[in-house]
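Our numbering puts the first residue of the sequence shown at 20, with every later residue one more than the last.
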Amino acid sequence: MTDDDSRGATKPESNPKRIGRGATNANVPGDESANASIPDGGQVDSTGTGHDSTAESAAIDGSADEPLRRGPFQRWVDESISNPGRLYRSLFYVVTIFFLLTTLFPFYWLLMVALTPEGRQQDIFLTPNGFNPGAFVEVFEVIPFHWYMFNSFVIASASTVVVLVIASLAGYAFGRLEFPGKVPLLLLVLVISFFPPAAFFIPLNDLFNTPVGILRPITGNGTLYNTPGAMVLPLSAIFMPLSIFILTTFYSQIPEGLEDAARVEGTTRLGALIRVIIPLSAPGVATAGVLTFIAVYNEFFFSFLMTDGQPQNWAPILEGILAYQGQYEVLYHLMAASSIIGVIPVAILVIVAQERIVSGLTAGALKE
Numbered sequence: 020m021t022d023d024d025s026r027g028a029t030k031p032e033s034n035p036k037r038i039g040r041g042a043t044n045a046n047v048p049g050d051e052s053a054n055a056s057i058p059d060g061g062q063v064d065s066t067g068t069g070h071d072s073t074a075e076s077a078a079i080d081g082s083a084d085e086p087l088r089r090g091p092f093q094r095w096v097d098e099s100i101s102n103p104g105r106l107y108r109s110l111f112y113v114v115t116i117f118f119l120l121t122t123l124f125p126f127y128w129l130l131m132v133a134l135t136p137e138g139r140q141q142d143i144f145l146t147p148n149g150f151n152p153g154a155f156v157e158v159f160e161v162i163p164f165h166w167y168m169f170n171s172f173v174i175a176s177a178s179t180v181v182v183l184v185i186a187s188l189a190g191y192a193f194g195r196l197e198f199p200g201k202v203p204l205l206l207l208v209l210v211i212s213f214f215p216p217a218a219f220f221i222p223l224n225d226l227f228n229t230p231v232g233i234l235r236p237i238t239g240n241g242t243l244y245n246t247p248g249a250m251v252l253p254l255s256a257i258f259m260p261l262s263i264f265i266l267t268t269f270y271s272q273i274p275e276g277l278e279d280a281a282r283v284e285g286t287t288r289l290g291a292l293i294r295v296i297i298p299l300s301a302p303g304v305a306t307a308g309v310l311t312f313i314a315v316y317n318e319f320f321f322s323f324l325m326t327d328g329q330p331q332n333w334a335p336i337l338e339g340i341l342a343y344q345g346q347y348e349v350l351y352h353l354m355a356a357s358s359i360i361g362v363i364p365v366a367i368l369v370i371v372a373q374e375r376i377v378s379g380l381t382a383g384a385l386k387e
């Protein structure tokens, strides 16, 4: 045997190694344990240990345990963030339902009480305990309720006319004229509107119960007690500042050129106010008039103290509703029916003038 043969017999056969991702060295001693720990498709990290890339990505984004970790509230929050329109609609429905419950439910309850026969109002639960629509006719038979409604209508109409006439003149002065002390005077008018009406009662009561000679041919005793003037004068003064503020805002927005054109034609300032300013400010005038009418129509404090509660002495509608409360019994079904009947004129007025009211209240919200 030659030296070459002996070297060839003793030299072990070399096995080539595959180097790369997923390479297996089955014939290399000590590689079996390392290769066994590397999953199929995995890779070796810097420490020599294998890991699954799919499992790692699931652990990072939390998708593996998402059903266990995310509750209904968290899912609702995510949906609200991704789709805010649904959240806004839900809030709108909640607010609308709450508004309807707080405003319409009292009228529904009045209707239930009015339709329930006398003496069975204690057992009402969402539905009337019986059915008695005759209460709406009986209202006018027990007392002259229509005269109470007429008195309120006359007092409210007279107060509205007085307020609109004076507030139109004041609004024109504050909105379109320049004179010393305009701003402090306007602020004083607004401050007076915040005074409680009860603060004026004692001096007004003494004033209206004092006989005045010039009033004797009109009232008989020379006083304003039990007359419309005892309510029209103080109520007009109480609700006038709001109308002045509304009309001042509207009149100040009328272009100067329109009034100047009317003045060139020979119209006086009063004529320009009547022919130009007021027609162009119709939404504001309607808003001031409707708000004043509703406030006076529903007023109770002065009307209760300035009259004796009799319809022939100009007692308003609230006095008529209280007239169903006697010394020994209270006719709840008639009080409820009269309350519903009394609301009808105001409801009709608001429905007819709602567009004017909305445009009047929102005027000046946007600058052009």
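C-beta atoms are modelled at their ideal positions from N, C-alpha and C, and glycine is treated no differently. Please read all numbers here as calculations on a predicted model, not as lab measurements.
(request) Indicate the three-state DSSP secondary structure (helix, strand or coil) for G67 in the structure shown. (result) For G67, the pLDDT reaches just 46, beneath the cut-off of 50, and the residue's location in the model is therefore unreliable, although a value from the coordinates is still provided. DSSP places G67 in coil when its eight states are reduced to three.
Problem - Nearest-angstrom beta carbon gap, P163 and P330 [assumed within contact, 8 Å] - result: Rounded, the Cβ-Cβ distance is 5 Å, consistent with contact.
Exercise. Can you give me the Cβ contacts of F126 inside the same chain, cut-off strictly under 8 Å, excluding the 5 residues immediately before and after it?
Key: I359 and V362
TODO: Rank L129, W128, V369 and A356 by C-alpha distance to the C-alpha of E157 and give the top, closest one.
DONE: A356
On the criterion of 16 or more Cβ atoms from any shown chain inside 10 Å, does D59 qualify as buried, or is it exposed?
Legend: pLDDT at D59 = 49, less than 50; position of this residue unreliable, value from coordinates given subsequently. By the neighbour-count rule (16 or more Cβ atoms within 10 Å), D59 is not buried but exposed.
task: With a 10 Å radius around its C-beta and 16 neighbouring C-beta atoms as the bar for buried, classify W333 as buried or exposed.
output: Around the beta carbon of W333, 16 or more other beta carbons sit within 10 angstroms, so the residue counts as buried.
Taking the C-alpha atoms as reference points, what is the distance between I185 and I265? 13 Å
Review point. Looking at G194 and the ligand PLP, is the gap between the Cβ and the nearest heavy atom below 7 Å?
Key: Looking at this structure, you won't find the ligand PLP or any other ligand, since it has none at all.
CB contact flag (S99, R108, <8 Å)
no
N224 - containing alpha helix (DSSP H), residue span: F220 to F227
N392 lies in the alpha helix (DSSP H); which residues open and close that run? Because the chain in this structure spans residues 20 to 387, residue 392 falls outside the shown range and cannot be described.
Practice task
Quick one: grab the DSSP three-state call for Q141.
Solution key: helix
Test item: CB-CB of F172 and H165 under 8 Å: At least 8 Å separates the beta-carbon of F172 from that of H165.
Quick check on this structure: which residue in Y191, L234 and F220 has the alpha carbon closest to the alpha carbon of V295?
Y191
Cutoff 6 Å; reference A281; Cβ partners in own chain excluding five residues on either side: A291 and V295
Please classify V161 as buried or exposed, where buried requires at least 16 neighbouring CB atoms within 10 angstroms.
exposed
- request: Return the first residue and the last residue of the alpha helix (DSSP H) that L289 is part of.
  value: R288 to A291
Nonlocal neighbours in the same chain, by C-beta distance under 8 Å from R26, ignoring five residues either side: Reliability fails at R26, whose pLDDT of 47 lies under 50, so the model's placement of it is uncertain and the value that follows must be treated cautiously. Here the set comprises nothing.
Review point. When DSSP labels each residue in this structure, what does V349 get in the three-state scheme?
Key: strand
Can you have a look at G153 and say buried or exposed, based on whether 16 or more other CB atoms are within 10 angstroms of its CB? Counting Cβ neighbours within 10 Å, G153 comes out exposed, since fewer than 16 surround it.
Discussion item. Using CA atoms only, rank isn't needed, just tell me which of G194, L119 and F227 is closest to M325.
Written reply: F227
Could you compute how far the alpha carbon of A230 sits from the alpha carbon of V369? First, the amino acid is wrong: residue 230 is Pro here, not Ala. The straight-line gap from Cα to Cα measures roughly 40 Å.
Within 10 angstroms of the Cβ of I336, are there 16 or more other Cβ atoms? Answer buried if so, exposed if not. buried
* Does DSSP put Q344 in a helix, a strand or coil? -> strand
> Mapping DSSP to helix, strand and coil, what is M325?
Replying inline: coil
Using only CA atoms, which one of I313, Y347 and E374 lies nearest to A175? I313
Subject >> Boundaries (first-last residue) of the alpha helix (DSSP H) holding Y127 >> reply: P103 to L134
If contact is defined by three or more beta carbon pairs under 8 Å, each pair taking one atom from either stretch, is the segment 211 to 226 in contact with the segment 251 to 262?
Pairwise C-beta distances place the segment 251 to 262 in contact with the segment 211 to 226, as three or more of them are shorter than 8 Å.
* Asked: Between E284, T242 and R195, which lies nearest to P274 when the distance is taken from Cα to Cα?
  -> The candidate whose alpha carbon is nearest that of P274 is R195.
query: So which of H352, P253 and L350 has the shortest CA-CA distance to S212?
result: P253
Q.
Among V251, V208, A372 and Y347, whose alpha-carbon lies nearest the alpha-carbon of T306?
A. A372
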